[in-house]
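Numbering (the numbering used here), first residue to last: 138 to 472.
Yeah, the Cβ is synthetic: ideal placement off N, Cα and C, and Gly gets one too.
Beneath this line is the structure, given in structure tokens, with notes to follow.
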Amino acid sequence: MNILIVCNYKPGVGGISGQVEILQRKLREDGHIADIFSTQASVLKRLLLPLKLRSAAKHYDVLHIHCCSHWGFLPAIVGVTVGRRLDKRIVLTYHGGGGEKFFDKHTRLVRHFMTRTDANIVLSGFLASVFDKHQLPYSVIPNIIELDDTHYRLRGTIKPNYICTRAHETLYNIPCILRAFQRVQAEHPEATLTLVGSGNEHESLIKMSEKLGLHNITFTGRVDNKDIYSYLDKADIMLSSPTVDNMPVSLLEAMNAGLLVISSNVGGVPYMVKNNNTGLLFESDNSDELATKMLWAIENQSIAITITMQAHKDVARYRWENIKDQLYTVYGIRS
138 MNILIVCNYK PGVGGISGQV EILQRKLRED GHIADIFSTQ ASVLKRLLLP LKLRSAAKHY
198 DVLHIHCCSH WGFLPAIVGV TVGRRLDKRI VLTYHGGGGE KFFDKHTRLV RHFMTRTDAN
258 IVLSGFLASV FDKHQLPYSV IPNIIELDDT HYRLRGTIKP NYICTRAHET LYNIPCILRA
318 FQRVQAEHPE ATLTLVGSGN EHESLIKMSE KLGLHNITFT GRVDNKDIYS YLDKADIMLS
378 SPTVDNMPVS LLEAMNAGLL VISSNVGGVP YMVKNNNTGL LFESDNSDEL ATKMLWAIEN
438 QSIAITITMQ AHKDVARYRW ENIKDQLYTV YGIRS
């Protein structure tokens, strides 16, 4: 089958783009033709996207659209419009922890396009509840993670070496991590923190770390997604503090690498991280609770290590082999 993946694709950045790269590779390995059509463009060039997509989509059986909220919904608008005119099978995957507010605010827009697909996919039970609220059809099919045991390392000791690989944008709330790390470093001066990534808040985060008097902190800037595991290998604990989220692959990557995950309890996260079983959860924007969990992990070694082992086993459910039959069903492919 010929499948065209439509999204705001940017190579090497992870997130939706990282998922699209994995999906394309897996489909091709299974013998299908799979290509990517990116809706990334300047404001003026976006006006030409329907014409460009119409020309490209003629040669494909399925349009698989990946979208999220706000400008991230553009692939849905363009993809569904073109797909319907060409009478193609349309599959739409909705990403993004901000879906509830976006759907409530733009109900008519969302319903117009999501009721004109052949199938909608959500990544977690969290977004499933949002789709239920708006009476939209869906299937729950999680993100894919490529598991390679060469990335896994069982830590004999959980050291205060922390890492965060979330983008430096407001919704990921990195300042919460900096405030928590200040308290941790007061008790463990040897503690380290590596912040992988960049974004609109990058410079302000550097200034905040200086103001808080933090040391042993590294800002790597943007890192190609293929190099993420080399940074994860040097750390022991993954921190994530978003105010909204859906199904962050960054947490799965950390669990796959053997790190202990500590995340804010928002959106789809509790559907993928079971508190005190496969990770630790704290209430959103509560830096004191986050610091307490960060310290607990160092002071309760055997339990923390057991949690990392259970988490590593749990991520196997996100393997391509365990997901593809569901995906092929919505594509209309008989496996």
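(request) Give me the Cα-Cα distance between ALA448 and GLU426, rounded to the nearest whole angstrom. (result) 21 Å
(message) Once the 5 residues before and after SER346 are set aside, which same chain residues still bring their CB inside 7 Å of it?
(response) LEU315, ILE354
(message) So, with DSSP's three-state summary, where would you put MET375?
(response) strand
(message) Taking the straight line between their C-alpha atoms, what separation do you get for LYS163 and TRP457?
(response) 7 Å
(request) Measuring alpha carbon to alpha carbon, tell me which of LEU211, GLN156, CYS204 ends up nearest LYS182. (result) LEU211
(message) Whole angstroms are fine: how far does the CA of LYS195 sit from the CA of VAL398?
(response) 44 Å
(request) May I have a chain-ordered list of the alpha helix (DSSP H) segments no shorter than 4 residues that lie completely inside the stretch 241-267? (result) 244-251
(message) What does the alpha-carbon distance come out to for the pair VAL157 and TYR146?
(response) 8 Å
(message) On the DSSP letters alone, give me the boundaries of the alpha helix (DSSP H) that HIS449 sits inside.
(response) 438-451
(message) Between the alpha carbons of ASN82 and HIS305, how many angstroms are there, rounded?
(response) The structure shown does not extend to residue 82, since the chain is modelled only from 138 to 472, so the question has no answer here.
(request) Quick one: measure Cβ to Cβ for TYR455 and LEU389, integer angstroms, because I've assumed they're closer than 8 Å. (result) 6 Å
(request) Starting from the Cα of THR254, find the closest Cα among PRO379, THR218, VAL406 and give me that residue. (result) THR218
(message) Between which two residues does the alpha helix (DSSP H) holding ASP364 run?
(response) Element bounds for ASP364: n/a, residue is neither H nor E.
(request) Would you tell me roughly how many angstroms separate the C-alpha atoms of TYR368 and GLN272, rounded to the nearest one? (result) 42 Å
(request) Identify the continuous beta strand (DSSP E) that holds ASP462 and give its terminal residues. (result) Where ASP462 is concerned, there is no enclosing beta strand (DSSP E), although the alpha helix (DSSP H) it sits in stretches over 457-468.
(message) What does the alpha-carbon distance come out to for the pair LEU418 and LEU396?
(response) 14 Å
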